[in-house]
Amino acid sequence: MGTSFSTANRFPRQGSSCPVSIMYTTTTDEAAVFNFVDSVATDADVRAFIAAGGADSATIVEIEKLYPKDLGLPTAWAPTEKETAARGTQWKQSIAFHTNVVETCSHRRTVDAWKAAGGTAHAARNSILAPDSAPRLGSHHSVELDYVFSNVDAGGNRALQNLAKLMSLVWASFVVHLDPNMHRVPGVPLLASLERFRSGWHLGTKLCLQHEWSYVEAGDYRLEQTRYLNSIVQSQMYN
């Protein structure tokens with residue numbers, strides 16, 4: 007059977023896939039849990055971190071331009087002096103790059119490929135943390151499942167309870183109607199389907215889910231970074 011099928015990433019480009027509606031969410035602060043080094047303290051450490059994924063020297067220079075020192079994740083983590091000594095002053099910078107490589111880039115590739123093939127894509131970004139997670143770790147993998155299944159121990163935190171309700175109803179709406187907008191939660195703007203933006207590079211919108219309030223944003227989160235990484239990922243990154 008293995009020789010009877012093309013690789014999955016060729017289907018949308020060749021028009022041989024069934025363009026069912028999809029909903030793709032990605033988490034903003036995720037890759038700290040996947041980090042493979044203990045400390046990133048210097049520019050040389052950052053370059054070594056990028057090179058470990060397969061980037062050549064010219065690519066590393068371009069990536070450094072896209073990830074300045076003040077662009078760091080997790081956003082909610084303000085390291086103490088002790089933590090900075092242990093993790094390095096540029097650890098958050100490396101996490102911003104790593105999160106895009108392992109999470110955000112695939113989100114953009116999939117949604118772009120789907121709408122280019124004539125499918126309907128709904129996109130969302132989870133800017134959320136696990137209530138019991140250490141700030142340094144950001145969001146652990148599949149952090150949204152606790153919210154989707156209303157299994158959040160909110161300790162009376164109304165914002166967390168409301169977010170869990172919204173996420174649960176958004177996903178239920180998509181499963182039942184193939185449309186996340188049937189959640190019927192008041193005060194939440196409707197999310198435009200990306201299928202109407204098939205030509206050119208119109209980015210559409212995505213739903214940003216976060217603790218204090220959720221809103222619809224332009225689909226340009228880390229746009230410059232993810233477009234560049236996606237342009238070289240198959241030729242050199244993580245081969």
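Counting from 7, one number per residue, gives the positions in the sequence shown under my numbering.
Cβ coordinates follow ideal geometry from the N, Cα and C atoms, glycine included.
Note that the coordinates shown come from a computational prediction; the quantities given were computed from them, not determined experimentally.
Taking C-alpha positions only, residue 67 is separated from residue 105 by approximately 18 Å.
Per DSSP, the beta bridge partners of residue 129 are 30. With respect to residue 32, residue 113 sits close: the two C-beta atoms are nearer than 9 Å. With a contact defined as Cβ atoms closer than 8 Å, residue 133 and residue 215 qualify at about 7 Å. A straight line joining the alpha-carbon of residue 61 with that of residue 242 spans about 6 Å. For residue 158, the CB contacts under 6 Å within the same chain, skipping 5 residues up- and downstream, are 152, 166, 170 in chain order. Nearest in C-alpha terms to residue 222, of all of 119, 190, 194, 163, is 194. The continuous alpha helix (DSSP H) containing residue 99 extends over residues 97-105. Where residue 224 is concerned, there is no enclosing alpha helix (DSSP H), although the beta strand (DSSP E) around it starts and stops at 221-224.
Within 10 angstroms of the beta-carbon of residue 240 lie fewer than 16 other beta-carbons, which makes it exposed. Three or more Cβ pairs closer than 8 Å define a contact, and the region 34-50 falls short of that threshold against the region 114-125. Burial of residue 118 is indicated by the presence of at least 16 other C-beta atoms within 10 angstroms of its C-beta. A residue is called buried once 16 or more other Cβ atoms fall within 10 Å of its Cβ, and residue 219, having fewer, is exposed.
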